[in-house]
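Shown next, in structure tokens, is the structure this report addresses.
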Amino acid sequence: MSTADRSRRRFLGTLAGAAALAAAWRLPRPISPAVAADAPSAPGNVTLDCFAANKKPLGTCVEPKVVMSDDAWKKKLGTKSWEITRHDGTEPAYTGDGWDRHDNGLYRCICCDTALYDSATKFDSGTGWPSFWQPLSKRNVVEHEDSSMFMERTAVSCARCDAHLGHVFDDGPQPTGLRYCMNAGAMRFVPATA
192 MSTADRSRRR FLGTLAGAAA LAAAWRLPRP ISPAVAADAP SAPGNVTLDC
242 FAANKKPLGT CVEPKVVMSD DAWKKKLGTK SWEITRHDGT EPAYTGDGWD
292 RHDNGLYRCI CCDTALYDSA TKFDSGTGWP SFWQPLSKRN VVEHEDSSMF
342 MERTAVSCAR CDAHLGHVFD DGPQPTGLRY CMNAGAMRFV PATA
């Protein structure tokens, strides 16, 4: 990646972080009907790809959707992760815990523990957010259009609990050319076991 590309990505990351911070300062913050207090998503089951602590695939598994009230999520997660995952928030660039971590392991949903990303697909995007060139399993994430912040983007959510994780862009490295730009506050890192 050239110095100009790195500078451009850092500038865009800083700009996006500033926009997210400005959006977070709005008072009162509107809550969409989908995440209004005590209005959880529909219960049911979801088919996922499951993984062991050593990153070994365990095959498909059927798990119950994780459905909780907004108040219950806030108690479980704390304000920062609750705002990110349950209200489509974004942490400022370069501030998420472990955004620059390069250890071997899995990134799991902070809300429901679903395996989302493998550290082997993580790369330094220069944006200040954890970035991956592919999810661990397409079955474990859901992509949908997001037209907030005056732009068209593709948002990424956890398939089991509907937690907002981040966005995917088409400016990543090969082999996919994609950049799954995730919020560190939406995931927890679990080191791989032997």
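For what it's worth, this note's numbering labels the leading residue of the sequence shown as 192, then goes sequentially. In this text, a Cβ means the ideal position worked out from N, Cα and C, and glycines have one as well. Since we're looking at a predicted model, the values are computed, not measured.
Put residue 331 into one of helix, strand or coil per three-state DSSP. Here DSSP, grouped into helix, strand and coil, assigns residue 331 to helix.
With H, G and I counted as helix, E and B as strand and the rest as coil, what does DSSP make of residue 262? Assigned with DSSP and collapsed to three states, residue 262 falls in helix.
Which term fits residue 336, buried or exposed, when burial requires 16 or more other beta carbons within 10 angstroms of its beta carbon? So residue 336 ends up on the exposed side.
Please state if the CB of residue 277 and the CB of residue 380 are separated by a distance shorter than 8 Å. Against a cut-off of 8 Å, the Cβ pair of residue 277 and residue 380 comes out as no contact.
Less than 6 Å between C-beta atoms, sequence neighbours within five positions excluded: which residues of the same chain meet that for residue 238? If we look at residue 238 and ignore the five residues flanking it on each side, its Cβ neighbours are 251 and 253.
Comparing alpha-carbon positions, which option in 340, 353 and 309 lies nearest residue 302? Residue 302 has its Cα closest to that of 353, out of 340, 353 and 309.
Give the single residue among 297, 366 and 378 whose Cα lies nearest to the Cα of residue 347. Cα-wise, what sits closest to residue 347 is 378.
For residue 276, the first and last residue of its enclosing beta strand (DSSP E): According to the DSSP assignment, residue 276 belongs to no beta strand (DSSP E) but to the alpha helix (DSSP H) extending over 270-277.
Give the DSSP-derived three-state secondary structure of residue 251 in the structure shown. For residue 251, the secondary structure class from DSSP, reduced to helix, strand or coil, is strand.
State the Cα-Cα distance for the pair residue 174 and residue 325, rounded to the nearest angstrom. Nothing can be reported for residue 174, as the shown portion of the chain is limited to 192 through 385.
For residue 233 and residue 269, what's the separation of their Cα atoms in angstroms? Straight-line spacing of the CA atoms in residue 233 and residue 269 works out to 23 Å.
Output needed for residue 362: all residues of its chain with C-beta closer than 7 Å, excluding positions within five of it in sequence on either side, in chain order. These residues qualify, in order along the chain: 370.
Among the residues of its own chain, which have a CB less than 6 Å from the CB of residue 274, if the five just before and after it don't count? Same-chain partners within the cutoff: 280.
Taking 8 Å as the limit between beta carbons, can you name the residues of its chain near residue 264, skipping five residues before and five after? The answer, listed in chain order, is 273, 276, 277 and 302.
Given residue 245 as reference, the closest of 255, 318 and 296 once Cα atoms are compared: Looking at the Cα atoms, 296 is the closest of the given residues.
The ligand ZN and residue 385: does any heavy atom of the ligand fall closer than 7 Å to the residue's C-beta? The ligand ZN is absent from the structure shown, which contains no ligand whatsoever.
Below 6 Å CB to CB, which residues in the same chain sit around residue 165 once its five sequence neighbours on both sides are set aside? Residue 165 cannot be examined here, being either before or after the span of the chain that is shown, 192 to 385.
Cross-strand partners of residue 346 (DSSP beta bridge): DSSP lists 335 and 358 as partners of residue 346.
Of the listed residues 331, 316 and 319, nearest to residue 299 (C-alpha basis): Distances from the CA of residue 299 to each of 331, 316 and 319 were compared; the closest alpha carbon is that of 331.
For residue 368, count the other beta carbons within 10 Å of its own beta carbon; 16 or more makes it buried, fewer makes it exposed. Which is it? Sixteen is the threshold: since fewer than 16 other Cβ atoms of the shown chains lie within 10 Å of the Cβ of residue 368, the residue is exposed.
Less than 8 Å between the beta carbons of residue 310 and residue 372, yes or no? Judged by their CB atoms, residue 310 and residue 372 are not nearer to each other than the 8 Å cut-off.
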